[in-house]
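Those letters in the sequence shown? Residues 68 to 372, per this note's numbering, in order.
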Amino acid sequence: MKKIFFAVLIILVSITDVSAQQDPHYTQYMYNMNVINPAYAGSKENLSFGLLYRKQWVELEDAPTTFTLSGSSPVGKNVGVGLSVISDQIGPVAEKNVYGDFSYTLNLGGEHRLALGIKAGVTFHDVNFGLVRETLPDPMDGVFANDISNTYFNFGTGLFYYTENYYVALSVPNMLNAKHLDFDGREYGNETQHYFLTGGYVFNLTDNVKFKPFFMIKSAFNAPTSVDASANFLFNEKFEIGATYRLEDSFGGMVNYAISPSLRIGYAYDHIVSDLNVTTPSSHEIILLFDLNFPKKVSRSSRFF
Numbered sequence: 068m069k070k071i072f073f074a075v076l077i078i079l080v081s082i083t084d085v086s087a088q089q090d091p092h093y094t095q096y097m098y099n100m101n102v103i104n105p106a107y108a109g110s111k112e113n114l115s116f117g118l119l120y121r122k123q124w125v126e127l128e129d130a131p132t133t134f135t136l137s138g139s140s141p142v143g144k145n146v147g148v149g150l151s152v153i154s155d156q157i158g159p160v161a162e163k164n165v166y167g168d169f170s171y172t173l174n175l176g177g178e179h180r181l182a183l184g185i186k187a188g189v190t191f192h193d194v195n196f197g198l199v200r201e202t203l204p205d206p207m208d209g210v211f212a213n214d215i216s217n218t219y220f221n222f223g224t225g226l227f228y229y230t231e232n233y234y235v236a237l238s239v240p241n242m243l244n245a246k247h248l249d250f251d252g253r254e255y256g257n258e259t260q261h262y263f264l265t266g267g268y269v270f271n272l273t274d275n276v277k278f279k280p281f282f283m284i285k286s287a288f289n290a291p292t293s294v295d296a297s298a299n300f301l302f303n304e305k306f307e308i309g310a311t312y313r314l315e316d317s318f319g320g321m322v323n324y325a326i327s328p329s330l331r332i333g334y335a336y337d338h339i340v341s342d343l344n345v346t347t348p349s350s351h352e353i354i355l356l357f358d359l360n361f362p363k364k365v366s367r368s369s370r371f372f
């Protein structure tokens with residue numbers, strides 16, 4: 068375990084150059100949208116929220132584990148609000164994010180809508196070096212002599228253009244940089260801006276079958292770009308099954324089922340094809356989606372994304 072902790076620290080806290088760190092991956096990103104884009108808040112007709120658990124790189128000790136709670140609701144004709152809580156753990160590094168969302172939607176005519184969103188909140192970043200301090204070489208002792216416990220304020224913004232059948236969205240959920248460790252004037256590890264470009268379409272193949280392709284492009288400045296492509300089939304508005312591919316990283320499948328009009332459960336499996344497949348074969352993700360269907364006056368958006 069100590070060797071794994073040490074490897075994680077070397078990756079996350081580079082002792083040579085400041086490296087931009089990636090936000091958590093989500094395979095079922097299309098059902099976890101307001102975590103990455105505040106403009107999504109309130110785009111559904113009623114109060115909706117979701118719980119997501121992701122275990123990344125199983126069989127790799129101390130690999131990332133992520134839990135999210137997110138929800139949003141319209142609070143007026145054009146206004147939406149939301150909340151997201153993200154807990155991310157990798158070895159001795161723990162990070163928690165609590166953010167509120169606000170969106171305002173412009174009616175562009177017909178079914179066309181453009182939502183503008185902002186999010187703001189705090190990140191709690193903690194690193195416990197105690198379990199690995201004795202394994203570090205002497206020159207590094209000064210850097211890792213004390214545990215880290217910091218709190219950072221951040222804010223983000225996003226655009227969400229949608230109709231009944233498709234959407235395109237762009238967001239930067241964390242606009243401010245934050246350095247995790249500063250030792251003798253040098254930064255060891257930092258958090259930087261990420262941008263997300265997402266989109267999806269709903270094709271009505273028959274009265275009971277819908278085809279739903281999605282994509283997501285994610286990157287941090289000075290960090291590699293991640294490209295996801297997914298395609299799902301929805302049957303009778305209850306059962307959904309599809310496949311996903313992350314460029315040069317993984318491929319897999321996803322499935323979800325509407326237990327009731329207010330509750331849907333989903334599962335995603337990623338098979339690793341990158342160099343990590345030597346030590347870990349897969350990642351797993353489970354999601355619960357809740358829609359509280361209060362009486363509504365006007366249908367404002369498609370319920371299929």
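Quick reminder that beta carbons are idealized off the backbone N, C-alpha and C, glycines included. On a predicted model such as this, the values are computed, not experimentally measured, just so you know.
Query                                                                                                          : Result
Proximal residues to Asp251 (C-beta, below 7 Å), its chain only, five neighbours per side dropped              : In this prediction, Asp251 scores a pLDDT of 48, lower than 50, which makes its location untrustworthy; the coordinate-derived value is nonetheless stated afterwards. Counting only Cβ-Cβ distances below 7 Å, and skipping sequence neighbours, we find nothing.
Short Cβ contact (7 Å threshold) for Gly138 with Tyr166                                                        : no
Unbroken stretches of the beta strand (DSSP E), 3 residues or longer, contained in the segment 88 to 142       : 114 to 122, 132 to 141
Inter-residue spacing [alpha-carbon to alpha-carbon] between Ile354 and Gln156                                 : 18 Å
Whole-angstrom distance between Arg121 and Glu162, CA atom to CA atom                                          : 15 Å
Residue nearest to Leu243 in terms of C-alpha spacing, selected from Phe372, Lys186, Glu112, Arg313            : Lys186
As assigned by DSSP and simplified to three states, the class of Asn232                                        : coil
Exposure of Lys144, with buried meaning 16 or more beta-carbon neighbours within 10 Å                          : exposed
Of the residues Leu237, Ala335, Asp337, Arg331, the one placed nearest Leu356, counting alpha carbons only     : Arg331
Residue from Tyr336, His338, Phe302 whose Cα sits closest to the Cα of Ala325                                  : Phe302
Three-state class that DSSP yields for Gly319 in the structure shown                                           : strand
With 16 other Cβ atoms within 10 Å as the buried cut-off, status of Glu112                                     : buried
Check whether Gly309 and Asn323 have beta carbons under 7 Å apart                                              : no
For Asn104 and Gly225, believed in contact at Cβ under 8 Å, the rounded distance                               : 4 Å
Backbone secondary structure at Ser329 - three-state DSSP                                                      : coil
Cutoff 6 Å; reference Leu119; Cβ partners in own chain excluding five residues on either side                  : Asn99, Thr135, Ile354
Val125 classed as buried or exposed, judged by whether at least 16 other C-beta atoms fall within 10 angstroms : exposed
Among Asp358, Thr311, Asp129, nearest to Val340 - alpha-carbon criterion                                       : Thr311
Extent of the continuous beta strand (DSSP E) to which Ser286 belongs                                          : 276 to 287
Same chain, Cβ closer than 6 Å to Phe191, neighbours up to 5 away in sequence not counted                      : Lys163, Thr218
Beta-carbon proximity list for Glu315, same chain, < 7 Å, skipping 5 on both sides                             : Ser341
C-beta atoms of Phe294 and Lys279 nearer than 7 Å                                                              : Rather than Phe, the amino acid found at residue 294 in this sequence is Val. Against a cut-off of 7 Å, the Cβ pair of Lys279 and Val294 comes out as no contact.
Cβ shell of Gly109 (< 8 Å), same chain only, five flanking positions each side left out                        : Ser139, Ser140, Pro141, Val142, Val146, Gly147, Val148, Gly149, Ser170, Thr172, Ala182
Per DSSP, the bridge partner or partners of Thr273                                                             : Paired residue(s): none; Thr273 is not in a bridge.
Spatially closest choice to Phe237 from Ser216, Phe282, Asn195, by CA coordinates                              : At residue 237 the sequence reads Leu, which differs from the Phe that was named. Closest option to Leu237, Cα to Cα, is Phe282.
Three-state class that DSSP yields for Ile353 in the structure shown                                           : strand
Proximity to Glu178 [Cα-Cα], best of Ile153, Glu231, Ala130                                                    : Glu231
Check whether Leu36 and Leu359 have beta carbons under 7 Å apart                                               : This structure cannot settle anything about residue 36, because the visible part of the chain is limited to 68 through 372.
Asn101 classed as buried or exposed, judged by whether at least 16 other C-beta atoms fall within 10 angstroms : buried
Environment of Val345 [buried if 16+ CB atoms lie within 10 Å]                                                 : With a pLDDT of only 49 at Val345, under the threshold of 50, the placement of this residue in the model should not be trusted; the figure read from the coordinates follows. By the neighbour-count rule (16 or more Cβ atoms within 10 Å), Val345 is not buried but exposed.
Alpha carbon of Ile153 to alpha carbon of Phe227, nearest angstrom                                             : 21 Å
Pairwise C-alpha distance: Ala287 and Asp168                                                                   : 21 Å
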